[in-house]
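To keep things clear, I will list the structure first and then write my remarks on it.
2 protein chains.
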Amino acid sequence: MSVTAPQGFRAAGVVAGLKDSGARDLALVVNDGPSRAAAGVFTTNRVKAAPVLWSQQVLTGGRLHAVVLNSGGANACTGPAGFQDTHATAERVAAVLDTSAGEVAVCSTGLIGERLPMDRLLPGVDAAANELTRGDGGLAAADAIRTTDTVAKIAFRQSEHGYMIGGMAKGAGMLAPSLATMLCVLTTDADLPAQALDRALRAATGVSFDRLDADGCLSTNDTVLLLASGATGITPEEEEFTRLLTEVCHDLTRQLLVDAEGASKAIAIEVIGAASERDAVVVGREIARNSLLKCAIHGEDPNWGRVLSAVGTTDAVFEPDQINVAINGVWVCRDGSFGDDRDKVDLRPRDVSITVDLSAGPHSATVWTTDLTADYVHENSAYST
Amino acid sequence: MSVTAPQGFRAAGVVAGLKDSGARDLALVVNDGPSRAAAGVFTTNRVKAAPVLWSQQVLTGGRLHAVVLNSGGANACTGPAGFQDTHATAERVAAVLDTSAGEVAVCSTGLIGERLPMDRLLPGVDAAANELTRGDGGLAAADAIRTTDTVAKIAFRQSEHGYMIGGMAKGAGMLAPSLATMLCVLTTDADLPAQALDRALRAATGVSFDRLDADGCLSTNDTVLLLASGATGITPEEEEFTRLLTEVCHDLTRQLLVDAEGASKAIAIEVIGAASERDAVVVGREIARNSLLKCAIHGEDPNWGRVLSAVGTTDAVFEPDQINVAINGVWVCRDGSFGDDRDKVDLRPRDVSITVDLSAGPHSATVWTTDLTADYVHENSAYST
Numbered sequence: 073m074s075v076t077a078p079q080g081f082r083a084a085g086v087v088a089g090l091k092d093s094g095a096r097d098l099a100l101v102v103n104d105g106p107s108r109a110a111a112g113v114f115t116t117n118r119v120k121a122a123p124v125l126w127s128q129q130v131l132t133g134g135r136l137h138a139v140v141l142n143s144g145g146a147n148a149c150t151g152p153a154g155f156q157d158t159h160a161t162a163e164r165v166a167a168v169l170d171t172s173a174g175e176v177a178v179c180s181t182g183l184i185g186e187r188l189p190m191d192r193l194l195p196g197v198d199a200a201a202n203e204l205t206r207g208d209g210g211l212a213a214a215d216a217i218r219t220t221d222t223v224a225k226i227a228f229r230q231s232e233h234g235y236m237i238g239g240m241a242k243g244a245g246m247l248a249p250s251l252a253t254m255l256c257v258l259t260t261d262a263d264l265p266a267q268a269l270d271r272a273l274r275a276a277t278g279v280s281f282d283r284l285d286a287d288g289c290l291s292t293n294d295t296v297l298l299l300a301s302g303a304t305g306i307t308p309e310e311e312e313f314t315r316l317l318t319e320v321c322h323d324l325t326r327q328l329l330v331d332a333e334g335a336s337k338a339i340a341i342e343v344i345g346a347a348s349e350r351d352a353v354v355v356g357r358e359i360a361r362n363s364l365l366k367c368a369i370h371g372e373d374p375n376w377g378r379v380l381s382a383v384g385t386t387d388a389v390f391e392p393d394q395i396n397v398a399i400n401g402v403w404v405c406r407d408g409s410f411g412d413d414r415d416k417v418d419l420r421p422r423d424v425s426i427t428v429d430l431s432a433g434p435h436s437a438t439v440w441t442t443d444l445t446a447d448y449v450h451e452n453s454a455y456s457t
Numbered sequence: 073m074s075v076t077a078p079q080g081f082r083a084a085g086v087v088a089g090l091k092d093s094g095a096r097d098l099a100l101v102v103n104d105g106p107s108r109a110a111a112g113v114f115t116t117n118r119v120k121a122a123p124v125l126w127s128q129q130v131l132t133g134g135r136l137h138a139v140v141l142n143s144g145g146a147n148a149c150t151g152p153a154g155f156q157d158t159h160a161t162a163e164r165v166a167a168v169l170d171t172s173a174g175e176v177a178v179c180s181t182g183l184i185g186e187r188l189p190m191d192r193l194l195p196g197v198d199a200a201a202n203e204l205t206r207g208d209g210g211l212a213a214a215d216a217i218r219t220t221d222t223v224a225k226i227a228f229r230q231s232e233h234g235y236m237i238g239g240m241a242k243g244a245g246m247l248a249p250s251l252a253t254m255l256c257v258l259t260t261d262a263d264l265p266a267q268a269l270d271r272a273l274r275a276a277t278g279v280s281f282d283r284l285d286a287d288g289c290l291s292t293n294d295t296v297l298l299l300a301s302g303a304t305g306i307t308p309e310e311e312e313f314t315r316l317l318t319e320v321c322h323d324l325t326r327q328l329l330v331d332a333e334g335a336s337k338a339i340a341i342e343v344i345g346a347a348s349e350r351d352a353v354v355v356g357r358e359i360a361r362n363s364l365l366k367c368a369i370h371g372e373d374p375n376w377g378r379v380l381s382a383v384g385t386t387d388a389v390f391e392p393d394q395i396n397v398a399i400n401g402v403w404v405c406r407d408g409s410f411g412d413d414r415d416k417v418d419l420r421p422r423d424v425s426i427t428v429d430l431s432a433g434p435h436s437a438t439v440w441t442t443d444l445t446a447d448y449v450h451e452n453s454a455y456s457t
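Here the protein sequences come in this chain order: A and B. All the letters of the first sequence, read from the start, carry residue numbers 73 to 457 under my numbering. All the letters of the second sequence, read from the start, carry residue numbers 73 to 457 under my numbering.
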């Protein structure tokens, strides 16, 4: 399932030996066609890992035959030699699949600043190619791209019009302002040209992964790829396809949110009454990045003053004495001052909703984040050791 | 000492009963002249506490007779009634000192969104007025403005030209991008007009408090005031005065940094080789706000990849393959890739220095921050309970 839910795809996940733990660490996803149309979105970080630079270049052609992904090393900040490693990885995939390296995307995740052990990675590519399957391969691939993810993330949706969209994702730390730190491969057996896939992918990620902000840290490696095999021969309406793709992305976003490192709360920040959607996102993201508020939610303290102090640092349209804030449905702040009794707020459930009404217009947006916990600190204090 | 080190100032710190702990919570600083020239800088947060709105208005006159400060409540997000409370506080000070409320600044710190208990605060003003002294009063005042500060922060410098600058500050959490969350009162017995004080204060705070960023959270209450009594009759060169004032501000900044909530490391991020000072500050601040890096430093892990991923999110002038990073003097990253052996970095001392060379120009700046610790989470999860 996952990336192999749609027709025309095979996948595998194997142990190449990149992780000390001996867990799966190399995944391969192959599009058997007949179409090879593809699109991708990448991290906006200006320090980009070698595989991002490579895959961006590959995607300018709008075609992908395969994607090879590894955990156990980000291959970021590794200089020209690191780029050569990515190139060699794509060439090895091309060789075993008898295709062109120019149609092979590469994704890496793990520690920044270390070369990948190519003597183990390249034989891993061969092993993965030998294990490609339509069924369990999708799950093995989703498992192989995990770093600190406690579970593999997969999703799929069947269209009533007969085609399917599937996907897998990884990401648990460094979940950030623009694209959660993540790798994600989406597949479909619908038949759409690369430009249509690109539009749909940007629309879907713009309201899902792009609005997940666990810790404000933007990765060097974020990559989301969409591959279409066209195996059903069905060409859907672009709007319906985009809607279904957005559902899959939202499903994966939710899985990333719930599994974020050290998080004990899944917080949805809904900004309403904004003068523009951009304002709503800016305000939501600023709240999502406020360490003090995230600590308060962790402590189950409905500290709405920290919400207002975060809103006040943005350039969004609002008047301080017209802001309303609800936490889990209780309007604890009205007109910029104290409102209903904060003792009525029950913050024990894992899901927390914060609604901020800017009273400045008709627009809205939701940003998702996590609480800030001692577990987050512990996980990220010891990551590279 | 502290604010009473210069001639012409008296101060007091008393227990008004605003804090449940029974500790001092109200401070009064009085300028006995002959000059009353003053200047102030305030939070850039658009959600401003009532005392900030009040004091900004007062400072437009360029004169201050007194400053009253309370801990135990921020009087922020308290609506028109909260503003009236601030006004009434200034009026009470004016009454006991036989002056105008238009020359009384008010500062508050504590929890946002709750009214101050005026029935205790106003008698506290009377008590403070009765205890004003030139000596110990400065220390008592510095003690009274503490919230989670574990120690009072005071500093003073004697000019070789015969005048003095003194100061007190508080601030431990919500230390933020532009002005650490803090209250600070600076005094001098030099004789300078309000405009000169304003220029000197902006110059001094711009390179000290403004470059302290413990948790990226900008407060609603930040206030730094500078009062000149002119009691020595000395009018210093503005450049020399600014240099001395900057020293006092740096001294207090260092004290705030070391006492920041839950911090176990004091981190100086020096950005060199920048195309502009603005670029250097932007890069330094982005690094200072990177939760993953702050966790890594807490774990004594010289994780330079997290430095580069933070730099990459800025719009500063740089090329990714020309960045060099030193941690505690070891150049662990050269030309955007791994450099000297990271095992040589000793991160056990409390003071940590991170040097980032952008290789893009002659400008530099230093931003100070703390590590992110489980103690920070604990302190801020339980603050309002």
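Every residue, glycine too, gets a C-beta built ideally from N, C-alpha and C. Just so you know, these numbers come straight off a predicted model, no measurement behind them.
- The segment 204–268 of chain B contains, as complete beta strand (DSSP E) runs of 3+ residues, the segments 225–230, 236–242 and 255–260 (chain order).
- The alpha-carbon of residue 355 of chain A is positioned some 9 Å away from that of residue 387 of chain A.
- By the Cβ-count criterion, residue 288 of chain B is buried, with 16 or more other Cβ atoms from all chains shown falling within 10 Å of its own Cβ.
- It is roughly 54 Å from the alpha-carbon of residue 97 of chain B to the alpha-carbon of residue 150 of chain A.
- Going by DSSP, residue 130 of chain A is part of the alpha helix (DSSP H) stretching over 122–131.
- In the pairwise beta carbon analysis, the segment 260–277 of chain A is classified as not touching the segment 350–364 of chain A: fewer than three pairs are separated by under 8 Å.
- Between residue 229 of chain B and residue 236 of chain B, the gap from beta carbon to beta carbon is short of 9 Å.
- The criterion of a C-beta distance shorter than 9 Å is satisfied by residue 165 of chain B and residue 173 of chain B.
- Contact annotation for residue 363 of chain A against chain B: 287, 288 and 289 [CB-CB distance below 7 Å, chain order].
- The alpha-carbon separation between residue 411 of chain A and residue 369 of chain B amounts to approximately 40 Å.
- For residue 183 of chain B against residue 143 of chain B, the beta-carbon gap comes to about 10 Å, at or over 8 Å, which does not count as contact.
- Boundaries cannot be given for residue 301 of chain A, as no beta strand (DSSP E) includes it and DSSP labels it neither H nor E.
- The C-beta distance from residue 139 of chain B to residue 257 of chain B rounds to 6 Å, short enough to meet the 8 Å contact threshold.
- By the C-beta criterion, the segment 263–280 of chain A is judged to be in contact with the segment 293–310 of chain A, since at least 3 inter-stretch pairs fall below 8 Å.
- Residue state for residue 96 of chain A is assigned as coil, using DSSP reduced to three classes.
- In this structure, the beta-carbon distance from residue 209 of chain A to residue 76 of chain A falls below 9 Å.
- Across the structure, residue 452 of chain A and residue 336 of chain B are spaced so that their CA atoms are roughly 15 Å apart.
- Per DSSP, residue 137 of chain A lies in no beta strand (DSSP E) segment and is marked neither H nor E.
- For residue 391 of chain A, there is no enclosing alpha helix (DSSP H), as DSSP marks it with neither H nor E.
- The secondary-structure analysis by DSSP pairs residue 442 of chain A across a beta bridge with A/338.
- Contact between residue 85 of chain B and residue 227 of chain B is absent: CB atoms are separated by about 17 Å, not below the 8 Å threshold.
- Between the segment 304–322 of chain B and the segment 381–400 of chain A, the count of C-beta pairs closer than 8 Å stays below three; the two stretches do not touch.
- For residue 449 of chain A, the nearest beta carbon of chain B is closer than 9 Å to its own beta carbon.
- For residue 453 of chain A, the nearest CB of chain B lies under 9 Å from its own CB, placing it at the interface with that chain.
- One finds 117, 118, 119, 120, 290 and 292 in chain B with Cβ atoms closer than 8 Å to the Cβ of residue 384 of chain A, taken in chain order.
- Neighbours of residue 405 of chain B across chain A, judged by C-beta separation under 8 Å: 149 and 185.
- In the same chain as residue 83 of chain B, and ignoring 5 residues on each side of it, the C-beta atoms closer than 6 Å to its own belong to 75, 76, 101, 209, 210 and 213, in chain order.
- The beta carbon of residue 363 of chain B sits closer than 6 Å to those of 444, all from its chain and outside the five residues before and after it, given in chain order.
- Collapsing the DSSP output to three states places residue 105 of chain B in coil.
- In the DSSP assignment, residue 423 of chain A falls within the beta strand (DSSP E) that extends over 423–429.
- Listed as beta-bridge partners of residue 284 of chain A by DSSP are A/440.
- A distance below 6 Å between beta-carbons, with the five flanking residues on each side excluded, links residue 448 of chain B to the following residues of its chain, in chain order: 333 and 334.
- In the DSSP assignment, residue 406 of chain A falls within the beta strand (DSSP E) that extends over 402–406.
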